[in-house]
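S.K.:
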Amino acid sequence: MSRIKSPLERGRGVYGDYSILKQVQTVMPELGLKREEIVFISGIGCSSRFPYYMETFGMHSIHGRATAIASGLKATRPELSVWIVTGDGDALSIGGNHLIHLLRRNFDVNVLMFNNEIYGLTKGQYSPTSPLGKVAKSTPMGSVDHPFNPLALCLGADSTFVARAMDRDPVHLREVLKRANAHKGTSMVEIYQNCNVFNDGAFEVFTEKGTKKLNTLFVEQGKPLLFGENGNKGIKLDGFKPVVIDMADASANDLWIHDEKDQVKANILVRFFDNATTEGALPRPFGVFYQEDRFSYEKAFNMQIQEAIAQKGKGDLDSLIRGKNTWTI
Amino acid sequence: MTTEIKSNVVILFAGDSGDGIQLTGSQFTNTAALYGNDISTFPNFPAEIRAPQGTIAGVSGFQLHFGSVEIFTAGDACDVLVVMNAAALKANLKQLKPGGIIIANTDGFDAKNLKLAKYPDGVNPLKDNSLEKYKVYEIDVTKITRTALEGSGLGTKEMDRSKNMFVLGYIYWMYNRSLDNSIEFLKEQFKKRPELLDANIKVLKAGFNYGDTVETPMNRYEVKPAPVVKGTYRSIMGNQAAALGLIAATEKAGLTLFYGTYPITPASDILHELSKHKNFGVKTFQAEDEIAAITSAIGASFGGALGITASSGPGIALKGEAIGLALMLELPLVIVNIQRGGPSTGLPTKTEQADLMQAIYGRNGEAPVPVVSASTPSDCFEMAFEACRLAIEFMTPVFFLSDGYIANGSEPWKFPTAADLPELKVSFAKNNLKEGEKFLPYKRNEKLAREWAIPGTKGLEHRVGGIEKENETGNISYDPDNHEFMVKIRQEKVDNIANYIPLQTIDNGNEKGKLLILGWGSTYGSIKTAVREAIAEGHDVSHAHVKYMNPLPKNLGEIIKNFDKVMIPEINNGQLIKIIRDKFLVDAKGLNKIKGMPFTSAEIKDKIAEMLNS
Chain G
705 MSRIKSPLER
715 GRGVYGDYSI
725 LKQVQTVMPE
735 LGLKREEIVF
745 ISGIGCSSRF
755 PYYMETFGMH
765 SIHGRATAIA
775 SGLKATRPEL
785 SVWIVTGDGD
795 ALSIGGNHLI
805 HLLRRNFDVN
815 VLMFNNEIYG
825 LTKGQYSPTS
835 PLGKVAKSTP
845 MGSVDHPFNP
855 LALCLGADST
865 FVARAMDRDP
875 VHLREVLKRA
885 NAHKGTSMVE
895 IYQNCNVFND
905 GAFEVFTEKG
915 TKKLNTLFVE
925 QGKPLLFGEN
935 GNKGIKLDGF
945 KPVVIDMADA
955 SANDLWIHDE
965 KDQVKANILV
975 RFFDNATTEG
985 ALPRPFGVFY
995 QEDRFSYEKA
1005 FNMQIQEAIA
1015 QKGKGDLDSL
1025 IRGKNTWTI
Chain E
794 MTTEIKSNVV
804 ILFAGDSGDG
814 IQLTGSQFTN
824 TAALYGNDIS
834 TFPNFPAEIR
844 APQGTIAGVS
854 GFQLHFGSVE
864 IFTAGDACDV
874 LVVMNAAALK
884 ANLKQLKPGG
894 IIIANTDGFD
904 AKNLKLAKYP
914 DGVNPLKDNS
924 LEKYKVYEID
934 VTKITRTALE
944 GSGLGTKEMD
954 RSKNMFVLGY
964 IYWMYNRSLD
974 NSIEFLKEQF
984 KKRPELLDAN
994 IKVLKAGFNY
1004 GDTVETPMNR
1014 YEVKPAPVVK
1024 GTYRSIMGNQ
1034 AAALGLIAAT
1044 EKAGLTLFYG
1054 TYPITPASDI
1064 LHELSKHKNF
1074 GVKTFQAEDE
1084 IAAITSAIGA
1094 SFGGALGITA
1104 SSGPGIALKG
1114 EAIGLALMLE
1124 LPLVIVNIQR
1134 GGPSTGLPTK
1144 TEQADLMQAI
1154 YGRNGEAPVP
1164 VVSASTPSDC
1174 FEMAFEACRL
1184 AIEFMTPVFF
1194 LSDGYIANGS
1204 EPWKFPTAAD
1214 LPELKVSFAK
1224 NNLKEGEKFL
1234 PYKRNEKLAR
1244 EWAIPGTKGL
1254 EHRVGGIEKE
1264 NETGNISYDP
1274 DNHEFMVKIR
1284 QEKVDNIANY
1294 IPLQTIDNGN
1304 EKGKLLILGW
1314 GSTYGSIKTA
1324 VREAIAEGHD
1334 VSHAHVKYMN
1344 PLPKNLGEII
1354 KNFDKVMIPE
1364 INNGQLIKII
1374 RDKFLVDAKG
1384 LNKIKGMPFT
1394 SAEIKDKIAE
1404 MLNS
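These protein sequences, in sequence, are chains G and E. The numbering used here puts the first residue of the first sequence at 705, with every later residue one more than the last. The numbering used here puts the first residue of the second sequence at 794, with every later residue one more than the last.
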């Protein structure tokens, strides 16, 4: 590594990035992949120095384009395990276009999007996920931008795997990373990440002991949606409307059972996006919200090559150059 | 009726963009080429897909120049102007030589069409003697076509679609050509529509027979085969040649061709051509935008394929940052720019050479990129191949420049065999590290190229990126001395390519003399014709045509110094001229045309005379 201190290590306290790095480094050897077949590709931003800390192949590219670079790599080298490391600005602002197209094409790659709701590397401007009214360097009177709901956007782009984790829950994060790796298609993992310099405490209501249980919901396949102290609260569906119920007055049979194959429910789940301070707010969900098996782009892409060879035979350069009509003088 | 021998003829087919003009032109081209004529073509499309019918904006043209002599351009002015409607006449009459032939479809000169073509009320150029100095043949193509197809069961609309076949048949009669090649083409085209095949052949023959049966005396002409170099030829368009060159290079290198692109005029035909050849392992990726097009290609190159991206000026502008990334990563990448009129959206369907500066200098930072250019349609094959060679050999992004004129133009091509093409050696880095030794991704060979170490190679795991890197290790470095060193070595790497490209030659004329015409790109044919004629008339003028734009050939400075004067014709406001003046401190003079059209050879000849007389 370079002699420059990285933004991951530098400064006061421990950045959320560092915690995520630790979990990724821990999980990687457990995935049964060969080190030389792993590639980390990042864009620009605090998240994006990441490849330099992995002793795999890696590219620290340009702002917003890691998704597109990974597409070309995966299209030509389908056997590689490709990981994209990006942030809320990199993936949703400058790289928003490539992200949605990556998702609809469903390349078999993993996207780790570190969301800290701020532009950290440029020192504190609001990002596309910053809440409305965010006071930042560029918005002294508060931001007037309506924020993105990133995972709703991803489902809108027909993402086949949508999950959320947080830097401060390493055990859960590792589980989600393993699921992402196992999914054959684009795995979209949003990771809430605290920027303790420019946006400290953005997610503390979800991460701190005192408030976490009341404000977070960890979903598990086939299990009812329960949260709160000792699971004293649950979610039921009233038509398409999710409602918080007190488990003292309800039976577990009334509850919404998580089914990550159900796209309609996943769409409702990712729309749990209330400001935690508002009265009757729905908890913020974490875990794998949606998983679908769909043909990956590179599979179809390379099958066409095989089909073309089967139909026409392997290309012969001489007959290609000659073409159909020639004349001799 | 007599048959007159002609050494060369220029025909301009013009009509509404729905009249099948391009097809008519390309059919005649193929037939003439098969017959052995030398030929050059220039299609001229309207910008809009379906501009209002009958208007001047909707006129589509196809100019072709064929002869029993060597042909280098599509011709300055035409001998025969075929017009399907009044707008086509109005738009193209100035292209017709005095005494030239007009073949007019009278049905396209009714009141409605005259109005759409903006002729004043009551004025019909076919009736008011304004065309006196030309030979005008009026034919009611629509009526004859419909008559020929009576009882075919086709509707009028479908019948009228074969009008172009009547014209083609008639022109075949005029120039004594066989219908066989076009009949074969129609059979292929209408394999699944036998009723349309019959109709088209019937109308084609009707056109041919019309010449024999019509009462008005009409001349026939003979243009004998050209004394070109013996060999086997095919007809080729520039974009098609570029596509084949890219495939040939990757085949010779044993690499996968990955083509990341976003559709844009006039580059899209390369995508269309490449996508037909998936059985060569060609991977075409239609990206979501220009930036994804190039960055996906960079990703492919990182993985060990040859990443290629293509666009035209506006798209190239969007790729700028990524080109910088590719040169920092020092990965092979080919960037194809089929230039068109600019700036901004400019003139999408018209030709221009105005992106030379953009290719050589158009990036942030000190960002040298090798640039090559093609001179003729078939030269696109050779120079696309060269761009790939340089990219692979020197681990660098390389620009290949062509333009709308040669991209869509065609010429006969004495094509090479696969065995004639040079082998391109690629050796991915192998793990030869000793115990405890670290891989140095930015260690350079004698060509200053780094190794291509691709994912999957155990022990060579490394990181690359757009941030400045330390020499050899590739680690991030903000060290001031290191940055200056790296900027200089990247420049030196590109400059050093001059040792691995052919020396500049004189295309025509003496090695020393009064006047050198220095051209590049698609002006080749016009300059060649002009200089040839000027030399034949006894003038002291020479022609050199640059194909390696950056770095320039090592001996170019010597060549320039051997002439009293240098003139640089360009389809732009003066770009190569700035580079030549900068590099060689020579007072070169420019000849610039910025009309979306190629030079006529007469324009260049006039300038030659002016410079020799001053």
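Note that the Cβ used here is the ideal one computed from N, Cα and C, for glycine as well.
(1) Just the C-alpha distance for Leu941(G) and Gln995(G), rounded to the nearest angstrom, thanks.
(2) Confirm, please, whether the CB-CB distance from Gly901(E) to Met877(E) is below 8 angstroms.
(3) Could you tell me the distance, in whole angstroms, from the CA atom of Val948(G) to the CA atom of Leu986(G)?
(4) Return helix, strand or coil for Thr790(G), following the three-state DSSP convention.
(5) Look at the alpha carbon of Ser847(G) and the alpha carbon of Gly991(G), and state the distance between them as a whole number of angstroms.
(6) Would you kindly work out how many angstroms separate the C-alpha atoms of Leu1042(G) and Gly932(G), rounded to a whole number?
(7) Strictly below 9 angstroms CB to CB, what residues from chain C border Pro1018(E)?
(8) What ranges does the beta strand (DSSP E) occupy inside the stretch 1278-1335 of chain E, keeping only unbroken runs of at least 3 residues that lie completely in it?
(9) Any beta carbon from chain G within less than 8 angstroms of Ala1184(E)'s own beta carbon?
(10) Specify, as a first and last residue, the run of the beta strand (DSSP E) that Pro989(G) falls within.
(11) Quick one: list the residues of chain E neighbouring Glu924(G), beta-carbon separation under 9 angstroms, in chain order.
(12) What residues of chain G sit near Ala1211(E), judged by a beta carbon separation below 9 angstroms?
(13) Listed from N- to C-terminal order along the chain, which residues in the stretch 1028-1054 of chain E have their beta-carbon within a distance smaller than 9 angstroms of any beta-carbon of chain G?
(14) Could you tell me which whole beta strand (DSSP E) segments of length 3 or greater appear in the stretch 875-956 of chain G?
(15) Check whether the Cβ atoms of Gly1318(E) and Thr866(E) sit closer than 8 angstroms, and answer yes or no.
(16) Suppose you measure from the CA of Ser842(G) to the CA of Phe1392(E); what does that come to, to the nearest Å?
(17) Report yes or no: do the stretch 1131-1140 of chain E and the stretch 1086-1106 of chain E share at least 3 C-beta pairs separated by less than 8 angstroms?
(18) Looking only at C-alpha atoms, which of Leu816(E), Gly1197(E), Leu1111(E) and Gln820(E) sits nearest to Ser1137(E)?
(19) In this structure, how does DSSP classify Ile964(E) when only helix, strand and coil are distinguished?
(20) So which residues of chain E does Pro755(G) contact, with C-beta pairs closer than 7 angstroms?
(21) Using a Cβ-Cβ distance under 8 angstroms, would Ala861(G) count as near chain E?
(22) Does Arg975(G) get closer than 8 angstroms to chain E when you measure Cβ to Cβ?
(23) Look at the alpha carbon of Ala1098(E) and the alpha carbon of Leu1048(E), and state the distance between them as a whole number of angstroms.
(24) Assuming Val974(G) and Leu859(G) are in contact, meaning their beta carbons sit under 8 angstroms apart, how far apart are those beta carbons, in whole angstroms?
(25) Below 6 angstroms CB to CB, which residues in the same chain sit around Cys871(E) once its five sequence neighbours on both sides are set aside?
(26) Just tell me which of Pro891(E), Met1188(E), Gly1267(E) and Thr1266(E) has its CA closest to the CA of Glu1239(E).
(27) Report the neighbours of Asn1072(E) on chain G: residues whose CB is nearer than 7 angstroms to its CB, in chain order.
(28) Is the CB-CB distance between Pro1125(E) and Ala1086(E) below 8 angstroms?
(29) Going along the stretch 1100-1131 of chain E in order, which residues come within less than 9 angstroms of chain G, judged by CB to CB distance?
(30) Take the Cβ of Asn837(E) as the centre, count every other Cβ of all protein chains shown within 10 Å, and call the residue buried at 16 or more, exposed below.
(31) In whole angstroms, what separates the C-alpha of Ser765(G) from that of Ala1093(E)?
(32) Given that Ala867(G) touches chain E, what residues does it touch there, using C-beta distances under 9 angstroms?
(33) Does Ile798(E) pass the burial test, meaning 16 or more other C-beta atoms within 10 Å, or should it be called exposed?
(34) Opposite Lys1076(E) in the DSSP bridges: which residues?
(35) Go ahead and pull the three-state DSSP assignment for His1070(E).
(36) Quick one: grab the DSSP three-state call for Ser975(E).
M.R.: Put simply:
(1) What you label residue 941(G) is simply residue 237 of the first sequence in a count that begins at 1. What you label residue 995(G) is simply residue 291 of the first sequence in a count that begins at 1. Roughly 20 angstroms separates the two Cα atoms.
(2) Walking along the second sequence from the start, residue 877(E) turns up at place 84. Walking along the second sequence from the start, residue 901(E) turns up at place 108. Against a cut-off of 8 angstroms, the Cβ pair of Gly901(E) and Met877(E) comes out as a contact.
(3) Looking up residue 948(G) in the first sequence gives position 244. Looking up residue 986(G) in the first sequence gives position 282. Between Val948(G) and Leu986(G), the C-alpha separation is close to 7 angstroms.
(4) For the purposes of this step, residue 790(G) is taken as the residue at position 86 of the first sequence. Three-state DSSP puts Thr790(G) in a strand.
(5) Here the question's residue 847(G) lines up with position 143 in the first sequence. Here the question's residue 991(G) lines up with position 287 in the first sequence. Each residue's Cα considered, the two are about 29 angstroms apart.
(6) Residue 1042(G) lies beyond the stretch modelled for chain G, which goes from 705 to 1033, so this question has no answer here.
(7) No chain C appears in this structure, whose protein chains are G and E.
(8) 1306-1313
(9) Walking along the second sequence from the start, residue 1184(E) turns up at place 391. With 8 angstroms as the cut-off, Ala1184(E) does not count as an interface residue toward chain G.
(10) The residue given as residue 989(G) occupies position 285 in the first sequence. Counting along the chain, the beta strand (DSSP E) containing Pro989(G) begins and ends at Arg988 to Gln995.
(11) Walking along the first sequence from the start, residue 924(G) turns up at place 220. Ordered by position in chain E, no residue passes the 9 angstroms Cβ test against Glu924(G), which lies about 35 angstroms from the chain.
(12) For this step, residue 1211(E) is matched to residue 418 along the second sequence. Ordered by position in chain G, the residues that pass the 9 angstroms Cβ test against Ala1211(E) are Asp1020, Leu1021, Asp1022, Leu1024 and Ile1025.
(13) Ser1028, Ile1029, Gln1033, Leu1037, Ile1040, Ala1041, Glu1044, Lys1045, Thr1049, Phe1051 and Gly1053
(14) 891-896, 920-922, 937-942 and 945-950
(15) Here residue 1318(E) refers to the residue found at position 525 of the second sequence. Here residue 866(E) refers to the residue found at position 73 of the second sequence. Closer than 8 angstroms, so yes.
(16) The residue given as residue 842(G) occupies position 138 in the first sequence. The residue given as residue 1392(E) occupies position 599 in the second sequence. For Ser842(G) and Phe1392(E), the distance between alpha carbons rounds to 53 angstroms.
(17) yes
(18) As a first step, residue 1137(E) must be located in the second sequence, where it is residue number 344. Of the candidates Leu816(E), Gly1197(E), Leu1111(E) and Gln820(E), the one whose C-alpha sits nearest the C-alpha of Ser1137(E) is Leu1111(E).
(19) Locating residue 964(E) in the second sequence gives position 171, where the first residue counts as 1. Helix, per DSSP.
(20) Indexing the first sequence from 1 puts residue 755(G) at position 51. Near Pro755(G) (Cβ distances below 7 angstroms), the residues of chain E are Arg1256.
(21) Walking along the first sequence from the start, residue 861(G) turns up at place 157. For Ala861(G), the answer is no, since every Cβ of chain E falls outside 8 angstroms of its Cβ.
(22) Within the first sequence, residue 975(G) is the residue found at index 271, counting from 1. Not one chain E Cβ lies under 8 angstroms of Arg975(G).
(23) As a first step, residue 1098(E) is located in the second sequence; it is residue number 305 there, counting from the start. As a first step, residue 1048(E) is located in the second sequence; it is residue number 255 there, counting from the start. For Ala1098(E) and Leu1048(E), the distance between alpha carbons rounds to 6 angstroms.
(24) Along the first sequence, read from residue 1 onward, the residue named residue 974(G) stands at position 270. Along the first sequence, read from residue 1 onward, the residue named residue 859(G) stands at position 155. Val974(G) to Leu859(G), Cβ: 6 angstroms. Contact.
(25) Indexing the second sequence from 1 puts residue 871(E) at position 78. So the list reads Val803, Leu805, Gln888 and Leu889, once near-sequence residues are dropped.
(26) Here residue 1239(E) corresponds to residue number 446 of the second sequence, with the count starting at 1. Among Pro891(E), Met1188(E), Gly1267(E) and Thr1266(E), the Cα nearest to that of Glu1239(E) is on Met1188(E).
(27) Here residue 1072(E) is taken as the residue at index 279 of the second sequence, counted from 1. In chain order: Ala1012, Ile1013, Lys1016, Gly1017, Lys1018 and Gly1019.
(28) As a first step, residue 1125(E) must be located in the second sequence, where it is residue number 332. As a first step, residue 1086(E) must be located in the second sequence, where it is residue number 293. No, they are not a contact pair.
(29) Gly1100, Glu1114, Ala1115, Gly1117, Leu1118 and Leu1122
(30) Against the second sequence, residue 837(E) aligns to sequence position 44. Looking at its Cβ environment, which holds 16 or more other Cβ atoms inside 10 Å, Asn837(E) is buried.
(31) Against the first sequence, residue 765(G) aligns to sequence position 61. Against the second sequence, residue 1093(E) aligns to sequence position 300. Going by the C-alpha atoms only, they are around 14 angstroms apart.
(32) Counting from one through the first sequence, the residue named residue 867(G) turns up at place 163. What Ala867(G) touches in chain E: nothing, since even the nearest Cβ is about 24 angstroms away.
(33) Working through the second sequence from its first residue, we reach residue 798(E) at position 5. Looking at its Cβ environment, which holds fewer than 16 other Cβ atoms inside 10 Å, Ile798(E) is exposed.
(34) As a working mapping, residue 1076(E) is identified with position 283 in the second sequence. Paired residues: Phe1051(E).
(35) As a working mapping, residue 1070(E) is identified with position 277 in the second sequence. The answer is coil: DSSP assigns His1070(E) none of H, G, I, E or B.
(36) Mapped onto the second sequence, residue 975(E) falls at position 182. Here Ser975(E) sits in helix by DSSP.
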